[in-house]
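Visitor: Following this message is one structure expressed as structure tokens.
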Amino acid sequence: MSRGDGSTMVTTRFVWVPHGSAAGWLLLHRTVTDRATGETTDEFWRSEEISPEAATAGALQEADAEWRRVVTGEPVPFLLWPFFLAAVTDRELPAVREQIVRSLIRPLADISAELVAAPGGPCVITPRVTLAGDPFGPAAADLPLGDGWESADLDPDGRRAGLLAAVDRRIGVAGVPGPRSPRHVTVNRFVARAGTTPAGLGAALERQDVRQAIADLLADPRDQGPREALTGDLRGQGLPVAAEPLHLAGLPRPGFLGRLVILCHEDAPVYRIATVPACAQELREHPDLAAALAAYVCPLDPATRGDEPARESLRAALAELPREWDTPCERGAGLAPPVWDEVTVATRQDGVPAGGGGPRRTVAISHVELVDSTGVQSWRIDLSAPASPTDLSSSATPFTDLSSPAASRTDPDA
């Protein structure tokens with residue numbers, strides 16, 4: 389049989405999906421392609437939650453026979469050695485997807501093998517091991533699958549997007565109902581009122597209990613309970629903070645917006661975005677997005693949401709994100725809820741106070757009018773002219789001090 393005629397290509401990808409700084413899951417993604425028909429199937433296995441050291445330290449070398457069944461395309465419902473590794477069921481796919489969406493996955497190794505028919509059964513040709521060089525990943529000596537295996541370095545670019553695409557394909561084939569894209573997305577925004585300094589809020593966000601409260605909200609962004617709990621934790625630090633969520637419609641990538649917790653200052657041009665690692669990476673790679681969020685989401689004046697240029701800038705910045713963020717965060721999804729040390733806080737200074745559309749200016753009050761309930765003006769005081777006792781009725785006496793220099797006021801909305 390000639391090479392490629394009726395052969396099967398099997399590629400198995402070993403990926404680490406972190407959860408916090410000390411644990412996570414080893415995820416195997418196997419793609420089996422029939423060269424004759426072009427038909428491709430995606431299969432997944434995952435470990436229990438373990439440390440990366442436990443997943444890789446010497447275990448792969450001792451599990452040669454177990455791994456061989458996976459990498460040569462055999463049916464494998466589970467593996468028992470060196471730790472329990474179970475096939476991902478259709479019902480678990482959305483939870484696995486959510487964990488990948490919010491994590492920065494670490495590719496460890498790829499193993500590919502081409503199988504052709506032979507008298508004694510399928511024969512493996514052109515076997516290849518591609519290693520990522522991860523400090524917790526396997527070395528070539530850890531995968532003794534026989535003679536003739538090639539080794540090379542793995543390029544991690546695009547691996548997360550490829551893994552998500554494979555999970556989405558499997559979800560589509562399995563017919564697993566996923567969350568519907570909402571018409572409205574809730575952006576969790578918290579406003580620090582007068583008396584709160586940017587430094588004080590920054591110090592509070594370094595506390596483990598506050599970060600865990602943020603993580604609980606990121607696990608279910610539309611739930612009022614975690615929102616109130618975070619507000620209570622911040623107030624417990626002596627910070628007058630209020631939850632003022634925004635309900636926005638018609639913006640792309642609602643899954644990204646729903647995974648943000650934005651903290652603004654009423655009187656300071658400083659804001660913070662608390663989020664999960666994958667969203668934080670998107671903010672670093674798309675600097676225009678952070679500025680667009682500040683211009684559209686942080687100002688407290690509701691009229692800002694009607695500012696078409698600011699809205700279009702945010703739409704354009706969001707559209708640059710990958711389509712993986714089209715799917716909203718589903719309540720209870722994920723292999724495990726976020727933990728406190730997964731929360732990343734980005735600080736930005738945009739130059740515009742949250743409470744207004746520009747710097748405040750002094751406004752002089754030129755006159756005072758008294759109008760009755762029918763809309764009829766009963767009298768008017770001209771403050772630009774010198775006050776005269778004969779010009780004012782007794783009922784206007786309380787307003788005589790308005791002609792003094794104190795009649796100037798600072799108008800925050802001007």
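Using the working numbering, the letters of the sequence shown map in sequence onto residues 389 to 802.
Every residue gets a Cβ at the ideal spot worked out from N, C-alpha and C, and that includes glycine.
(1) Ignoring anything shorter than 3 residues or poking outside the stretch 466-514, list the beta strand (DSSP E) runs there in chain order.
(2) Could you pull out every residue in the same chain whose Cβ sits closer than 8 Å to the Cβ of Ala-483, ignoring the five residues on either side in sequence?
(3) Could you check which residue in Gly-546, Val-504, Val-555, Gly-694 has the C-alpha nearest to that of Thr-477?
(4) Return helix, strand or coil for Leu-551, following the three-state DSSP convention.
(5) Taking Ala-501 and Val-459 to be in contact with their CB atoms under 8 Å, please state how far apart those CB atoms are, rounded to whole angstroms.
(6) Taking its Cβ as the centre, do 16 or more other Cβ atoms sit within 10 Å of Ser-409, making it buried, or is it exposed?
(7) Could you tell me which residues DSSP puts in a beta bridge with Glu-431?
(8) Provide the residue span of the beta strand (DSSP E) that contains Phe-402, from first to last.
(9) Apart from the five residues on each side of it in sequence, which residues of its chain come closer than 8 Å, Cβ to Cβ, to Ser-776?
(10) Could you pull the start and end residues of the alpha helix (DSSP H) that Phe-644 belongs to?
(11) Short of 7 Å in beta carbon distance, which residues of its chain neighbour Trp-728, apart from the five on each side in sequence? Order them along the chain.
(12) Got a sec, what are the start and stop residues for the alpha helix (DSSP H) Arg-672 sits in?
(13) Between Arg-418 and Thr-396, is the Cβ-Cβ spacing less than 8 Å?
(14) Give the range of the beta strand (DSSP E) segment to which Thr-732 is assigned.
(15) Look at the Cβ atom of Ala-497, then the Cβ atom of Trp-433, and state whether they are nearer than 8 Å.
(16) What is the C-beta distance between Leu-706 and Leu-677, in whole angstroms, given that I count them as a contact (C-beta under 8 Å)?
(17) Taking DSSP as the reference, what is the three-state secondary structure of Arg-610?
(18) Beta-carbon separation of Pro-633 and Thr-574 under 8 Å?
(19) Using a 10 Å radius around the Cβ and a threshold of 16 neighbouring Cβ atoms, would you call Gln-612 buried or exposed?
(20) Can we say the stretch 709-716 touches the stretch 634-651, given the rule of at least three CB pairs closer than 8 Å?
(21) Using beta-carbon positions only, say whether Glu-431 and Trp-413 come within less than 8 Å of one another.
(22) Are Cys-667 and Arg-577 touching if we call contact CB-CB under 8 Å?
(23) By Cβ distance below 6 Å, which residues in the same chain neighbour Arg-401 in space, the five residues on each side in sequence not counted?
(24) Can you give me the C-alpha to C-alpha distance between Thr-750 and Arg-660, rounded to a whole angstrom?
(25) Are Pro-725 and Ala-549 close, meaning C-beta to C-beta below 8 Å?
(26) Using 10 angstroms around the beta-carbon of Leu-593, count the other beta-carbons present and answer buried if the total reaches 16, otherwise exposed.
(27) Quick one: is Ala-587 buried, meaning 16 or more other Cβ sit within 10 Å of its Cβ, or exposed?
(28) Count the other CB atoms within 10 Å of the CB of Ile-493; is the residue buried (16 or more) or exposed (fewer)?
(29) Report yes or no: is there a C-beta of chain B within less than 8 Å of the C-beta of Asp-522?
(30) Does the beta-carbon of Ser-439 have 16 or more other beta-carbons within 10 angstroms, so that it is buried, or is it exposed?
(31) Out of curiosity, what's the CA-to-CA distance linking Ala-582 and His-407?
(32) State the start and end residues of the unbroken beta strand (DSSP E) segment that holds Leu-651.
(33) So, is Ile-513 buried or exposed, given that buried needs 16 or more other C-beta atoms within 10 angstroms?
(34) Around the Cβ of Asp-621, are there at least 16 other Cβ atoms within 10 angstroms (buried) or fewer (exposed)?
(35) Please say whether His-635 and His-572 have beta carbons closer to each other than 8 Å?
(36) Locate the beta strand (DSSP E) running through Leu-639, then write down its first and last residues.
Guide: From the atom records:
(1) 473-475, 494-504
(2) As a working mapping, residue 483 is identified with position 95 in the sequence shown. Only Ala-721, Gly-722, Leu-723 meet the Cβ criterion.
(3) Here residue 477 corresponds to residue number 89 of the sequence shown, with the count starting at 1. Nearest C-alpha to Thr-477: Val-555.
(4) Here residue 551 corresponds to residue number 163 of the sequence shown, with the count starting at 1. Here DSSP, grouped into helix, strand and coil, assigns Leu-551 to helix.
(5) Position 113 of the sequence shown, counted from the first residue, corresponds to residue 501. Position 71 of the sequence shown, counted from the first residue, corresponds to residue 459. Contact flag correct, Cβ pair sits at about 6 Å.
(6) In the sequence shown, residue 409 corresponds to position 21, counting from 1. By the neighbour-count rule (16 or more Cβ atoms within 10 Å), Ser-409 is not buried but exposed.
(7) For the purposes of this step, residue 431 is taken as the residue at position 43 of the sequence shown. Glu-431 is bridged to Arg-418.
(8) Numbered from 1 along the sequence shown, position 14 holds the residue referred to as residue 402. From DSSP, the beta strand (DSSP E) with Phe-402 extends over 396-407.
(9) If you number the sequence shown from 1, residue 776 lands on position 388. Low confidence applies here, because Ser-776 scores a pLDDT of 47, under 50, leaving its location unreliable and the question unanswered by this model.
(10) Against the sequence shown, residue 644 aligns to sequence position 256. 642-645 is the span of the alpha helix (DSSP H), which, as asked, contains Phe-644.
(11) Against the sequence shown, residue 728 aligns to sequence position 340. Here the set comprises Gln-596, Arg-599, Gln-600, Ala-603.
(12) Stepping through the sequence shown from its first residue, residue 672 is reached at position 284. Unbroken alpha helix (DSSP H) run through Arg-672: 665-673.
(13) Your numbering for residue 418 matches position 30 in the sequence shown. Your numbering for residue 396 matches position 8 in the sequence shown. Taking 8 Å as the Cβ cut-off, Arg-418 and Thr-396 do not qualify as a contacting pair.
(14) Taking the sequence shown and counting its residues from 1, the one referred to as residue 732 is at position 344. Run containing Thr-732: 732-737, per the beta strand (DSSP E) assignment.
(15) Locating residue 497 in the sequence shown gives position 109, where the first residue counts as 1. Locating residue 433 in the sequence shown gives position 45, where the first residue counts as 1. For Ala-497 and Trp-433, no; Cβs fall outside 8 Å.
(16) Within the sequence shown, numbered from 1, the residue matching residue 706 stands at position 318. Within the sequence shown, numbered from 1, the residue matching residue 677 stands at position 289. At roughly 7 Å, the Cβ-Cβ gap stays under 8 Å, so Leu-706 and Leu-677 are in contact.
(17) Walking along the sequence shown from the start, residue 610 turns up at place 222. The answer is coil: DSSP assigns Arg-610 none of H, G, I, E or B.
(18) Within the sequence shown, numbered from 1, the residue matching residue 633 stands at position 245. Within the sequence shown, numbered from 1, the residue matching residue 574 stands at position 186. Closer than 8 Å, so yes.
(19) Numbered from its first residue, the sequence shown carries residue 612 at position 224. With fewer than 16 Cβ atoms within 10 Å of its Cβ, Gln-612 is classed as exposed.
(20) yes
(21) Indexing the sequence shown from 1 puts residue 431 at position 43. Indexing the sequence shown from 1 puts residue 413 at position 25. No, the pair does not count as a contact, with Cβ atoms beyond the cut-off.
(22) Here the question's residue 667 lines up with position 279 in the sequence shown. Here the question's residue 577 lines up with position 189 in the sequence shown. No; because the gap between Cβ atoms is not below 8 Å, this pair is not in contact.
(23) Indexing the sequence shown from 1 puts residue 401 at position 13. His-417, Asp-498.
(24) Within the sequence shown, residue 750 is the residue found at index 362, counting from 1. Within the sequence shown, residue 660 is the residue found at index 272, counting from 1. At Thr-750 the pLDDT is 40, less than 50, meaning the model places this residue with poor confidence; the figure from the coordinates comes in the next sentence. Going from the Cα of Thr-750 to the Cα of Arg-660 covers about 29 Å.
(25) For the purposes of this step, residue 725 is identified with residue 337 of the sequence shown, where counting begins at 1. For the purposes of this step, residue 549 is identified with residue 161 of the sequence shown, where counting begins at 1. Result no, Cβ atoms of Pro-725 and Ala-549 do not sit closer than 8 Å.
(26) Here residue 593 corresponds to residue number 205 of the sequence shown, with the count starting at 1. Leu-593 is buried by the Cβ-count criterion.
(27) Your numbering for residue 587 matches position 199 in the sequence shown. Label assigned to Ala-587: exposed.
(28) For the purposes of this step, residue 493 is taken as residue 105 along the sequence shown, with counting starting at 1. When all chains shown are included, Ile-493 counts as buried.
(29) In the structure shown, chain B does not exist; there is a single protein chain.
(30) As a working note, residue 439 is residue 51 in the sequence shown. With fewer than 16 other Cβ atoms within 10 Å, it is exposed.
(31) By one-based count along the sequence shown, residue 582 stands at place 194. By one-based count along the sequence shown, residue 407 stands at place 19. Across the structure, Ala-582 and His-407 are spaced so that their CA atoms are roughly 37 Å apart.
(32) Residue 651 sits at position 263 when you count from the first residue of the sequence shown. Looking at the DSSP string, the run of the beta strand (DSSP E) that includes Leu-651 is 648-653.
(33) Position 125 of the sequence shown, counting from 1, holds the residue named residue 513. Ile-513 should be labelled exposed.
(34) Translated into positions along the sequence shown, residue 621 becomes position 233. The residue is buried, with at least 16 neighbouring Cβ atoms inside 10 Å.
(35) Counting from one through the sequence shown, the residue named residue 572 turns up at place 184. Counting from one through the sequence shown, the residue named residue 635 turns up at place 247. Yes, these two residues count as a Cβ contact at 8 Å.
(36) The sequence position of residue 639 within the sequence shown is 251, counting from 1. First-last for Leu-639: undefined, no H or E at that position.
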